[in-house]
Amino acid sequence: MQAVGNNPSWFQPNNLFQEKGLNKVLIVTSNLFLNHVAGVGHPESPKRMEAIWDKLKEAELLTPNNTVEPRMATENEILTCHSSNYYQKLKELTSTLGEKEGSHAFKERSCKKKNVEGDFGYNFKTLESALYAAGAPLTAIDHILDPLNNIKRAYCVSRPPGHHAHYPTGSGFCIFNNAVIAAKYAIKKGFAKVLIVDWDVHHGDGTQTMTERDPSIFYFSTHRDTSNGFYPGKSFGKREQTGISKGKGTVLNCPIDPDKVEDTRKAVRDAFDQDLTAAMISFQPNLVIISCGFDAHKNDSLVEGGLQLEDEDYAYLTEVCIRIADFYAEGRIVSILEGGYNFEAIANASKIHVETLARI
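According to UniProt numbering, the sequence shown is numbered sequentially starting from 1.
In structure tokens:
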């Protein structure tokens with residue numbers, strides 16, 4: 001992956017996107033994301049990155065003209081969302097490993113009283129990769145904020161994912177909560193309100209618990225219903241969970257039960273068209289962040305009985321986010337890769353996601 005950094009030629013007017021009559025979509029990614037290995041045969045594999053890169057390059061959507069390396073998130077930026085104890089524990093665990101020692105399983109039983117159990121795989125490069133994954137959307141926000149860049153939209157092709165990560169621990173393949181770290185960073189940079197849209201098949205339990213008391217962050221999620229124990233479990237993702245205290249009204253969960261809903265694709269679209277759109281009339285975000293998981297795809301290899309979304313559904317959901325961003329947020333969107341474990345599905349869905357971000 002070529003590091004573009006501050007190269008002035010990166011912003012020349014004859015770039016590929018403008019030649020095609022497209023809006024430029026910044027791709028924030030790096031070879032560094034290949035270094036985190038959760039375990040042999042683990043579904044959250046470095047090959048996910050390579051599949052997306054290959055598809056975007058093939059479609060001329062990933063070029064030196066629209067690609068930038070992420071910066072590493074600082075310790076203080078991580079601590080806006082996570083405990084110092086957890087951060088130090090990660091440092092200790094990864095610093096004692098060597099390249100030949102392979103991957104290990106992290107289990108944090110002490111967090112079960114908070115309805116979350118720390119559970120993820122790690123190797124000697126996990127902390128470094130996670131810091132760059134957390135830094136990817138911060139890099140995107142910095143580029144969007146610079147008026148010389150003429151950038152409104154970005155897609156962070158990064159890993160490990162983040163929306164299951166809680167304040168005291170990572171969980172469910174996730175190390176740091178990249179979306180919430182980005183939202184808090186954006187608010188610090190002057191954005192008054194941030195919308196996080198999560199279309200991963202799993203509810204973003206970490207994201208909800210981190211934002212549900214914050215009136216400046218709105219969390220919207222479509223996901224497979226968790227009432228029968230579907231991950232992350234019965235405690236999360238309920239329709240009646242709408243926020244707490246000053247954050248009341250800033251959480252909107254739209255659980256979908258494939259055993260009770262005949263057309264899950266329509267149910268997801270309706271939730272975006274009706275519930276999300278209506279909620280934004282009063283919230284009016286200044287930035288849209290997408291927790292962009294593709295494991296609700298009908299071909300996903302990890303989730304059986306999912307929501308059966310197809311490529312064109314991701315284009316549709318992206319269009320709804322664009323309409324919201326254009327109306328309230330001057331078009332500003334930062335999309336961050338979450339789940340999705342079928343390589344072909346995640347690659348094709350990423351392609352149509354970027355094409356839609358670029359064309360509208």
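The beta-carbon is built from N, C-alpha and C at its ideal position, and this holds for glycine as well.
- Residue state for ASP273 is assigned as helix, using DSSP reduced to three classes.
- When C-beta atoms of the stretch 266 to 284 are compared with those of the stretch 319 to 336, three or more pairs fall below 8 Å, so the two segments count as touching.
- In the three-state reduction of the DSSP assignment, THR222 falls in the strand class.
- Note on GLY172: 16 or more other CB atoms within 10 angstroms of its CB, so buried under the neighbour-count rule.
- Distance from the CA of ARG48 to the CA of VAL261, rounded to the nearest whole angstrom, comes to 30 Å.
- The Cβ atoms of VAL354 and LEU61 sit closer than 8 Å to each other.
- Of the other Cβ atoms in all chains shown, 16 or more fall within 10 Å of the Cβ of ASP198; this residue is therefore buried.
- Under DSSP, CYS156 takes part in a beta bridge, and its partners are VAL28, ILE336.
- For ASP311, the enclosing alpha helix (DSSP H) has its first and last residue at 311 to 328.
- Per DSSP, the beta-bridge partners of ASN253 are SER221.
- A distance below 8 Å between beta-carbons, with the five flanking residues on each side excluded, links TYR87 to the following residues of its chain, in chain order: GLU75, ILE78, LEU79.
- Per the C-alpha coordinates, the member of ILE181, ILE281, PHE294, LEU34 positioned closest to TYR328 is ILE281.
- Per DSSP, VAL303 is not a residue of any alpha helix (DSSP H), being assigned neither H nor E.
- Secondary-structure assignment with DSSP links LEU195 through a beta bridge to PHE218, VAL288.
- In this structure, DSSP gives THR67 an extended state, which the three-state scheme calls strand.
- Less than 8 Å divides the Cβ of GLY306 from the Cβ of ARG224.
- Following the DSSP letters along the chain, one finds GLY206 inside the alpha helix (DSSP H) bounded by residues 205 to 211.
- ILE324 and ASP259 have their C-alpha atoms roughly 31 Å apart.
- DSSP lists LEU309 as the beta-bridge partner residues of HIS297.
- Taking the Cβ atoms as the reference, LEU56 lies roughly 26 Å from VAL194, outside the contact range of under 8 Å.
- Contact between ALA345 and ASP300 holds: their C-beta atoms lie close to 6 Å from each other, under 8 Å.
- Within the same chain, Cβ atoms closer than 8 Å to the Cβ of PHE33 are found at PRO46, MET49, SER129, TYR132, ALA133, VAL157, SER158, ARG159, the five residues on either side in sequence being excluded.
- The continuous stretches of alpha helix (DSSP H) do not include ARG239, and DSSP gives it neither H nor E.
- A distance of 8 Å or more separates the beta carbons of ALA347 and VAL201.
- Residue range 84 to 95 is occupied by the alpha helix (DSSP H) that includes LYS91.
- In the displayed model, PHE230 falls within coil according to three-state DSSP, outside both helix and strand.
- By a beta-carbon distance limit of 8 Å, PHE176 does not contact HIS203. Their separation comes to about 18 Å.
- Note that the C-beta distance between ALA183 and ILE289 is below 8 Å.
- Assigned with DSSP and collapsed to three states, VAL201 falls in coil, not helix or strand.
- Taking all protein chains shown into account, ASP54 has fewer than 16 neighbouring C-beta atoms within 10 Å of its C-beta and is therefore exposed.
- Counting along the chain, LEU62 sits inside no alpha helix (DSSP H), nor does DSSP assign it H or E at all.
- The distance from the Cβ of GLN241 to that of GLN284 is about 22 Å, inconsistent with a contact at the 8 Å cut-off.
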